[in-house]
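Participant: Numbering (the working numbering), first residue to last: 562 to 1040. For each residue, glycine too, the CB sits at the ideal point set by N, CA and C. Quick one: structure below, then a few questions.
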RNA sequence: GGUGGGUUGGCCGAGAGGCGAGGCAACGGACUGCAAAUCCGUCUACACGGGUUCAAAUCCCGUACCCACCUCCA
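Listed below in structure tokens is the structure:
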């Protein structure tokens, strides 16, 4: 089975045929770094991280570009409100975003271009569009440059809309536009309200780039005028992606072969950006569950499905994920070494079917149950059972790795200063001492004393399990 | 007005014409000193009304409700 992807442009699931055999070029719209990232923001990154990992696992040499928009109206407005330079706000938010990505084990892209670093490329592209008659400097002296939508017959093709059916933006300033739907490629510097640092020299006077042009310029620079996959959130289809495609194609390139869009995480039925409060910021959510659990929550739903975020559902997901971890821990305790196993066919088929992560997760649980059954066998003497179990562990870890969820990945086990490892060791020594006392009591059939010790340990949030290999402690699962 | 998506069991969440995804919770059994973990089993759902079909959660028509986008929101 070959990889099939749902292409928004055609509205159909299509076989993935790369432009260059064995290679895949992907461009994903990253964030505008204007505020702290919330869980909705990182979903997109997680979804496309899974796509990237799956392509890699399928043997493709992947070039993955994810941009950063570090100059725009909102950044300027917010920075002004906060009384600090816009570039400081953008930089701070970018660092927050990087931390959130890292907390969720979103792999760094091949490159992460920033808009402000590509102004010359954008100017070059705009000049080309002007030369081809698809763009024009506004005649009102504003210094703006607009894309002429009427000059591009295919305008609207990505979102299947006719120009005349579109509502013109009510708040759009029609000054200088030939058609109200024309959009800005370049915005002239407004000296009265905008800092000079937010402007760059251009043939049309100082100014800054319009929103869409950066992605066209940067995708072209790093992936070429034609590339395989373009991704982003559904809200970006229009106007952002429509405009990107229009200007890129008008400039002569084929642009993206496939368009992928991830759905929203909503709260109370509304998109997250409308929600008040900061309880959904990534660092806040990570006070309740671990990064790997939040990632599991996102991966367990299909990328094109809306997810109605709730802490209850998140906690359920975390509990479900711990079941997988439990299996791996039990196997490790039983001395089972993972062997490289081929990914189960159901898993591969699920992933090939438009990244069917829900079914892929189901395949993981099927393998976990199989492995648990083998672990529960009275004796693990049968060499065939041992081999099967080792294969199951390998398969589970292999599948998890594709989803970025292998708990044994150093990314999840490491932590900066190693303080958490030292703490774990300290707790282990203490708990083990108590468990020895409990074992002594149990051997003497003094169960009252044994249970008292267990209760004491439980009061510290630590759970005890008696296994054939002796008692084992874990942090209590519920938060 | 235009465009796109949705409504599935107690909960989360897949599937897209015919073999009961999966997880959580609950209940029963096995195991355990009791637990926990694990295994086995039970719980047979697809917004509503029509229609097509031997067969519909899945296709068609209609209705209701919800969501997103329509020029700087992931």
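When DSSP labels each residue in this structure, what does residue 978 get in the three-state scheme?
Facilitator: The predicted model places residue 978 with a pLDDT of 46, which falls under 50 and marks its position as unreliable; any figure quoted below should be read in that light. Note: residue 978 maps to coil in three-state DSSP.
Participant: Starting from the C-beta of residue 772, find all residues in its chain whose C-beta is less than 7 Å away, skip the five residues before and the five after it, and write them out in chain order.
Facilitator: These residues qualify, in order along the chain: 633 and 801.
Participant: Tell me which residues share the same chain as residue 954 and place their Cβ nearer than 7 Å to its Cβ, disregarding the 5 neighbours each side in the sequence.
Facilitator: The answer, listed in chain order, is 889, 892, 897, 899 and 932.
Participant: Which of helix, strand or coil does DSSP assign to residue 606?
Facilitator: The answer is helix: DSSP assigns residue 606 an H, G or I state.
Participant: Looking only at its own chain, which residues have a Cβ that is under 7 Å from the Cβ of residue 732, when we skip the five neighbours before and after it?
Facilitator: At residue 732, the pLDDT of 49 sits below 50, so the modelled position is not reliable; the number obtained from the coordinates is stated separately. So the list is empty, once near-sequence residues are dropped.
Participant: At the level of alpha carbons, what is the spacing between residue 983 and residue 975?
Facilitator: Near 12 Å, if we compare the C-alpha coordinates of residue 975 and residue 983.
Participant: Report all residues from its chain with a CB closer than 6 Å to the CB of residue 778; omit the five preceding and five following residues, and keep chain order.
Facilitator: Excluding sequence neighbours, residue 778 sits near 679, 682, 683 and 686.
Participant: Decide if residue 965 is buried, meaning its Cβ has at least 16 other Cβ atoms within 10 Å, or exposed.
Facilitator: That one is buried.
Participant: Whole angstroms is fine: what's the gap from residue 792's alpha carbon to residue 969's?
Facilitator: Approximately 29 Å between the Cα atoms of the pair.
Participant: According to DSSP, is residue 811 part of a helix, a strand, or is it coil?
Facilitator: Helix.
Participant: Following the continuous beta strand (DSSP E) through residue 826, name the residue where it begins and the one where it ends.
Facilitator: Note, residue 826: beta strand (DSSP E), 826-828.
Participant: Under 8 Å by Cβ, that's how I've got residue 956 and residue 905 pegged, so tell me the actual separation to the nearest angstrom.
Facilitator: Residue 956 to residue 905, Cβ: 6 Å. Contact.
Participant: Mark residue 1016 as exposed unless 16 or more other C-beta atoms lie within 10 angstroms of its C-beta, in which case mark it buried.
Facilitator: Result: exposed.
Participant: Sort out for me which residues DSSP pairs residue 637 with in a bridge.
Facilitator: In DSSP, residue 637 forms no bridge with anything.
Participant: In terms of residues, what are the limits of the alpha helix (DSSP H) holding residue 910?
Facilitator: It spans 906-913 - the alpha helix (DSSP H) in which residue 910 sits, taken as one unbroken run.
Participant: Can you list the alpha helix (DSSP H) stretches of 4 or more residues lying completely in the segment 624-709, in chain order?
Facilitator: Here the runs fully enclosed are 634-643, 647-664 and 680-692.
Participant: Count the other C-beta atoms from every protein chain shown that fall within 10 angstroms of the C-beta of residue 599, then say buried if there are 16 or more, exposed otherwise.
Facilitator: Its Cβ being crowded by 16 or more others within 10 Å, residue 599 is buried.
Participant: Please state whether the Cβ-Cβ distance between residue 601 and residue 826 is less than 8 Å.
Facilitator: Taking 8 Å as the Cβ cut-off, residue 601 and residue 826 qualify as a contacting pair.
Participant: Which partner residues does residue 1036 have in the DSSP bridge list?
Facilitator: BP columns for residue 1036 point to 1023.
Participant: Are there 16 or more other CB atoms within 10 angstroms of the CB of residue 752, so buried, or fewer, so exposed?
Facilitator: Exposed.
Participant: Which same chain residues end up closer than 8 Å to residue 961 when comparing Cβ atoms and leaving out the 5 residues on each side of it in sequence?
Facilitator: For residue 961, where only same-chain residues beyond five positions count, the Cβ hits under 8 Å are 885, 925, 967 and 968.
Participant: Just checking my contact of residue 774 with residue 808 at CB under 8 Å: how many whole Å lie between their CB atoms?
Facilitator: Indeed they touch by this definition, with Cβ atoms about 7 Å apart.
Participant: Looking only at its own chain, which residues have a Cβ that is under 7 Å from the Cβ of residue 723, when we skip the five neighbours before and after it?
Facilitator: Cβ within range, chain order: 717.
Participant: Distance, Cα to Cα, residue 894 vs residue 770?
Facilitator: Cα to Cα, residue 894 sits roughly 58 Å from residue 770.
Participant: What residues in its chain sit with their C-beta under 6 Å from that of residue 604, if we drop five residues either side in the sequence?
Facilitator: Excluding residues within five positions, the ones whose Cβ falls inside 6 Å are 826 and 859.
Participant: Strictly by DSSP, which residues pair up with residue 575?
Facilitator: Answer is 566, bridged to residue 575.
Participant: Label residue 937 either buried or exposed according to how many other C-beta atoms from any shown protein chain fall within 10 Å of its C-beta, with 16 as the threshold for buried.
Facilitator: Exposed, since its Cβ has fewer than 16 Cβ neighbours within 10 Å.
Participant: Taking residue 745 as the reference, which of 689, 707, 870 and 635 has the closest Cα?
Facilitator: Here the closest residue by C-alpha is 707.
Participant: Taking the DSSP output, what are the residues bridged to residue 718?
Facilitator: Answer is none; residue 718 lacks a bridge partner.
Participant: Near residue 576, what residues of its chain come up, given a Cβ to Cβ distance below 7 Å and the 5 sequence neighbours on each side ignored?
Facilitator: These residues qualify, in order along the chain: 563 and 565.
Participant: Specify the secondary structure class of residue 756 as computed by DSSP and reduced to three states.
Facilitator: Three-state result, residue 756: coil.
Participant: I need the straight-line Cα distance from residue 977 to residue 664, nearest angstrom please.
Facilitator: Reliability fails at residue 977, whose pLDDT of 47 lies under 50, so the model's placement of it is uncertain and the value that follows must be treated cautiously. Near 12 Å, if we compare the C-alpha coordinates of residue 664 and residue 977.
Participant: Just to confirm, is the Cβ distance from residue 572 to residue 622 under 8 Å?
Facilitator: No, the Cβ-Cβ distance between residue 572 and residue 622 is not below 8 Å.
Participant: Would you mind giving the Cβ-Cβ distance between residue 935 and residue 915, rounded to the nearest angstrom? I have them listed as a contact below 8 Å.
Facilitator: About 32 Å separates the two Cβ atoms, so there is no contact after all.
Participant: Grab the span of the beta strand (DSSP E) containing residue 787 for me, first residue to last.
Facilitator: Segment 787-794, the beta strand (DSSP E) holding residue 787.
Participant: Which same chain residues, not among the five before or five after residue 615, have their C-beta less than 7 Å away from its C-beta?
Facilitator: The residues are 912, 916 and 963.
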